[in-house]
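Engineer:
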Amino acid sequence: PEDYQPPIWKSYLYQLQQEAPRPKRITCPQELKSRPKYYGREFHGLISREQADELLDGAEGAYLIRESQRQPGTFTLALRFGSQTLNYRLFYDGKHFVGEKRFESVHDLVTDGLITLYIETKAAEYIAKMTTNPIYQHVGYTALLRDKMTQRLSRTRSEPKKVTFQQDDKISNSPLGRRAVLKDASEKQCNYEKVHNFKVHTFRGPHWCEYCANFMWGLIAQGVRCSDCGLNVHKQCSKLVPSDCQPDLRRIKKVFSCDLTTLVKAHNTPRPMVLDMCIREIELRGLKSEGLYRVSGFTEHIEDVRLAFDRDGEKADISANAYPDINAITGALKLYLRDLPIPVITYDVYSKFIQAAKMNDPDTRLEAIHDGLLLLPPAHYETLRYLMTHLK
1 PEDYQPPIWK SYLYQLQQEA PRPKRITCPQ ELKSRPKYYG REFHGLISRE QADELLDGAE
61 GAYLIRESQR QPGTFTLALR FGSQTLNYRL FYDGKHFVGE KRFESVHDLV TDGLITLYIE
121 TKAAEYIAKM TTNPIYQHVG YTALLRDKMT QRLSRTRSEP KKVTFQQDDK ISNSPLGRRA
181 VLKDASEKQC NYEKVHNFKV HTFRGPHWCE YCANFMWGLI AQGVRCSDCG LNVHKQCSKL
241 VPSDCQPDLR RIKKVFSCDL TTLVKAHNTP RPMVLDMCIR EIELRGLKSE GLYRVSGFTE
301 HIEDVRLAFD RDGEKADISA NAYPDINAIT GALKLYLRDL PIPVITYDVY SKFIQAAKMN
361 DPDTRLEAIH DGLLLLPPAH YETLRYLMTH LK
């Protein structure tokens, strides 16, 4: 039919994982006193490579553990794959590992290893090319998604409620879908770039990469997840994802000590709401106070303001009724700026400002400061601009 659209998610690698050889433990018929407590009957003691090869012969996926004859006290995982015996140095530090991944059991390690070996053997060329036509930037897919989301957004702009997603949209709640909505909604407000905060992640159940649409194979650490927006991709795909992270408020656990760009992207504001709200309150009732930023407020009051922002965000009550002492607000603002993981004037730009300040010629100094300002990330620049306007 004319309206047919091929499936978004590609199943080839998933099918290969289903075909991968299953682990077959070759047990030792004897009870060995030398067997480490963290190994089972797959441990065969001090045997040679040749003996291990004979025991594994003919059984794809068969494995055993032997103690090295050359280096007693070290252990080797012997695994049958591709009609040959592969030998891996095996380690244990509370978990079993031969590389970066760590497993609760040898059986899981072997299962994951067989999946990886099988897929990388059968689909090496496919894997090398799987990032060439990503759904992440595919015109038809992204445009379709954006059209659907924008229609819903336009219907709700006149209403005070948030955008809702239809249950029958398979990926509307994904980071990719959320980004399509929020990109259109925020174009007129702020368009800051933010790199994704990817961390290795273990996915429970089958998962597909939201960049290339291919299956993420293996038992554990199959890919990476952005801890700010929840985007799930292969490790190799993460290097190609553009700097367009749109943080999910549900993943932002606190306001203070949160990266500045992450916070403004999550709340879709040009500056941190802490800055706006505190300065608004200060200018409303504190401009005639002596030592506005010099005099410290009570530590417990400042801590209360911090907790209010972390708990309630932009709904935090920092009015005179809640905090009569304006120095509690100025103290909280100073604390917020002091606790930023990356300062408002970033580390690399700070040194340039110091160099500029040492220049004797006023015009050269001004030009150097201007050049430094252009290097600041947009959210940092806007925060500094707003702060300087307030302080002058």
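Heads up: the sequence shown begins at 1 in the UniProt record's numbering, then just goes up one per residue.
The C-beta atom is built at its ideal place from N, Cα and C for all residues, glycine as well.
Where does the unbroken beta strand (DSSP E) through L86 begin, and where does it stop?
Structural biologist: Here the beta strand (DSSP E) through L86 covers Q84 to Y92.
Engineer: Looking only at its own chain, which residues have a Cβ that is under 8 Å from the Cβ of D325, when we skip the five neighbours before and after it?
Structural biologist: These residues qualify, in order along the chain: G297, F298 and H301.
Engineer: Determine the burial state of R66: buried for a count of at least 16 other Cβ atoms within 10 Å of its Cβ, exposed for fewer.
Structural biologist: Under this definition R66 is a buried residue.
Engineer: Per DSSP, what kind of secondary structure is R250 in: helix, strand or coil?
Structural biologist: DSSP places R250 in helix when its eight states are reduced to three.
Engineer: Assign residue 436 to one of three DSSP states: helix, strand, or coil.
Structural biologist: Residue 436 lies beyond the stretch modelled for the chain, which goes from 1 to 392, so this question has no answer here.
Engineer: Under 8 Å, with one C-beta from each stretch per pair, do the stretch 286 to 294 and the stretch 257 to 264 reach the 3-pair mark?
Structural biologist: No, because fewer than three Cβ pairs between the stretch 286 to 294 and the stretch 257 to 264 fall closer than 8 Å, the two stretches do not touch.
Engineer: How should R285 be labelled, buried or exposed, when 16 other C-beta atoms within 10 angstroms of its C-beta is the threshold for buried?
Structural biologist: Exposed, because fewer than 16 other Cβ atoms sit within 10 Å of the Cβ of R285.
Engineer: Compute the Euclidean distance between the alpha carbons of I115 and R41, then round it to the nearest angstrom.
Structural biologist: Their backbone Cα atoms lie some 23 Å apart in a straight line.
Engineer: Looking at C-alpha atoms only, which residue of P272, A52 and T85 is the closest neighbour of Q69?
Structural biologist: Nearest of P272, A52 and T85 to Q69, Cα basis: A52.
Engineer: Count the other CB atoms, across all protein chains shown, that sit within 10 Å of the CB of N321; report buried if there are 16 or more and exposed otherwise.
Structural biologist: Burial call: exposed.
Engineer: Under the assumption that V98 contacts L90 (Cβ atoms under 8 Å), give the Cβ distance between them as a whole number of angstroms.
Structural biologist: With a Cβ gap of about 6 Å, V98 and L90 count as contacting.
Engineer: Pick out the complete alpha helix (DSSP H) segments inside the stretch 316 to 364, 4 residues or longer, and give them in chain order.
Structural biologist: If we require 4 residues or more, the alpha helix (DSSP H) runs fully inside the stretch 316 to 364 come out as 326 to 338 and 347 to 357.
Engineer: Please classify A124 as buried or exposed, where buried requires at least 16 neighbouring CB atoms within 10 angstroms.
Structural biologist: Looking at its Cβ environment, which holds fewer than 16 other Cβ atoms inside 10 Å, A124 is exposed.
Engineer: Between W208 and N214, what straight-line distance do the alpha-carbon atoms span, to the nearest angstrom?
Structural biologist: Their backbone Cα atoms lie some 5 Å apart in a straight line.
Engineer: So D112 and F103 are in contact, right, with Cβ under 8 Å, and what is the actual spacing, rounded?
Structural biologist: So it is a contact: roughly 7 Å between Cβ atoms.
Engineer: Mark I342 as exposed unless 16 or more other C-beta atoms lie within 10 angstroms of its C-beta, in which case mark it buried.
Structural biologist: With fewer than 16 Cβ atoms within 10 Å of its Cβ, I342 is classed as exposed.
Engineer: So the beta strand (DSSP E) E303 belongs to, where does it begin and stop?
Structural biologist: First-last for E303: T299 to D312, but that is the alpha helix (DSSP H), not the beta strand (DSSP E).
Engineer: For L333, tell me which candidate among T346, K37, L376 and H390 has the shortest Cα-Cα distance.
Structural biologist: Per the Cα distances, H390.
Engineer: In chain order, which continuous runs of the beta strand (DSSP E) of length 3 or greater are located wholly inside the UniProt domain "Phorbol-ester/DAG-type" (195 to 245)?
Structural biologist: Within the UniProt domain "Phorbol-ester/DAG-type" (195 to 245), the complete beta strand (DSSP E) runs of at least 3 residues are 198 to 201 and 223 to 226.
Engineer: Where does T383 fall in DSSP's three states?
Structural biologist: The answer is helix: DSSP assigns T383 an H, G or I state.
Engineer: Is the stretch 367 to 374 in contact with the stretch 308 to 322, if contact means three or more CB pairs nearer than 8 Å?
Structural biologist: In short, these stretches do not touch, since the Cβ pair count stays below three.
Engineer: Just to confirm my understanding: we take A308, look at its own chain, exclude 5 residues before and 5 after, and list those with CB closer than 7 Å. What are they?
Structural biologist: Counting only Cβ-Cβ distances below 7 Å, and skipping sequence neighbours, we find A316, D317 and I318.
Engineer: Ordered along the chain, which non-local residues of its own chain (more than five positions away) have a Cβ less than 7 Å from that of T383?
Structural biologist: Answer for T383: L260, R271, P272, L275 and V344, listed in chain order.
Engineer: Would you decide whether V200 is buried or exposed? Buried here means 16 or more other CB atoms lie within 10 Å of its CB.
Structural biologist: Exposed is the call here.
Engineer: With 16 other CB atoms within 10 Å as the buried threshold, where does I119 fall?
Structural biologist: Label assigned to I119: buried.
Engineer: At a cut of 8 Å, does the stretch 348 to 362 reach the stretch 245 to 253 through at least three beta carbon pairs?
Structural biologist: As far as the Cβ criterion goes, the stretch 348 to 362 does not touch the stretch 245 to 253, which means the pair count is below three.
Engineer: How would you write the range of the alpha helix (DSSP H) that R80 sits in, first residue to last?
Structural biologist: First-last for R80: F75 to F81, but that is the beta strand (DSSP E), not the alpha helix (DSSP H).
Engineer: State the Cα-Cα distance for the pair I127 and T121, rounded to the nearest angstrom.
Structural biologist: Roughly 10 Å between the two C-alpha positions.
Engineer: Give me the Cα-Cα distance between R311 and K254, rounded to the nearest whole angstrom.
Structural biologist: Those two C-alpha atoms are separated by around 7 Å.
Engineer: Under the rule that 16 or more other beta-carbon atoms within 10 Å means buried, what is I354, buried or exposed?
Structural biologist: Counting Cβ neighbours within 10 Å, I354 comes out exposed, since fewer than 16 surround it.
Engineer: May I ask which residues mark the beginning and end of the alpha helix (DSSP H) holding E120?
Structural biologist: That run of the alpha helix (DSSP H) goes V106 to K122.
Engineer: Are the Cβ atoms of S227 and N197 separated by less than 8 Å?
Structural biologist: The answer is yes: Cβ separation under 8 Å.
Engineer: Let me know if M216 comes out buried or exposed under the rule of 16 or more other beta-carbons within 10 Å of its beta-carbon.
Structural biologist: Buried, by the Cβ-count rule.
Engineer: Could you tell me the distance, in whole angstroms, from the CA atom of S158 to the CA atom of N268?
Structural biologist: Bear in mind that the predicted position of S158 carries a pLDDT of just 37, short of 50, making it unreliable; the figure below should be weighed with that in mind. Going from the Cα of S158 to the Cα of N268 covers about 18 Å.
Engineer: Please classify Q18: is it buried, with 16 or more other beta-carbons within 10 angstroms of its beta-carbon, or exposed?
Structural biologist: Looking at its Cβ environment, which holds fewer than 16 other Cβ atoms inside 10 Å, Q18 is exposed.
Engineer: Based on the DSSP output, what are the partners of residue 404 in its beta bridges?
Structural biologist: Lying outside 1 to 392, the shown extent of the chain, residue 404 is not represented and no answer is given.
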